[in-house]
Structure formats: C-alpha cells, structure tokens
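Note sheet for the following structure.
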Amino acid sequence: MYSRGWESNDEPQGEACMTAIEEADRLLISAGTVAEALLVASRRNVGEEVEPLSRVEQS
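So the sequence shown is numbered by the working numbering: it starts at 40 and just counts up by one.
In structure tokens:
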C-alpha cells in the first residue's frame with residue numbers, strides 16, 4: 040500500500056477513494072492527469088510511489 044500523506048481531516052473522502060482504486064481490476068487515467076500527479080508527487084517527495092503510473096498499459 041502507498042504512503043498516504045493526506046491521512047488527515049483535510050481529505051475526508053480520501054480513504055474511500057484509495058480503497059476503490061486499490062480494489063479495482065483496471066484503472067483508466069488521462070495522460071494529463073498522470074503528468075500532473077507525477078509533478079505534484081515529485082514536489083512532495085513521494086515521486087517513487089507515483090512513478091508506476093507512467094508505466095501502465097496504454098488503451
């Protein structure tokens with residue numbers, strides 16, 4: 040499981056979202072969203088945890 044830096048009350052639905060993502064068989068995400076996630080993760084020093092998003096299959 041990934042480190043969850045938002046585990047405070049500032050993201051009340053974060054836990055439910057993360058559970059849905061972890062339980063999904065397949066996820067679809069736009070290239071723009073991946074790029075933004077990688078940039079934000081890098082600034083928050085969690086880039087290694089988010090980096091696998093850039094290696095997913097293209098559909």
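Don't be surprised by glycine CBs; every beta carbon is placed ideally from N, CA and C.
- In the three-state reduction of the DSSP assignment, P51 falls in the coil class.
- In this structure, the CA atom of E96 is about 25 Å from the CA atom of N84.
- In this structure L92 is in contact with L77, their Cβ atoms being roughly 7 Å apart against a cut-off of 8 Å.
- Excluding its 5 nearest sequence neighbours in each direction, A80 has C-beta neighbours in its own chain below 6 Å: G86, V89, listed in chain order.
- Between the alpha carbons of T58 and R94 lies a gap of roughly 21 Å.
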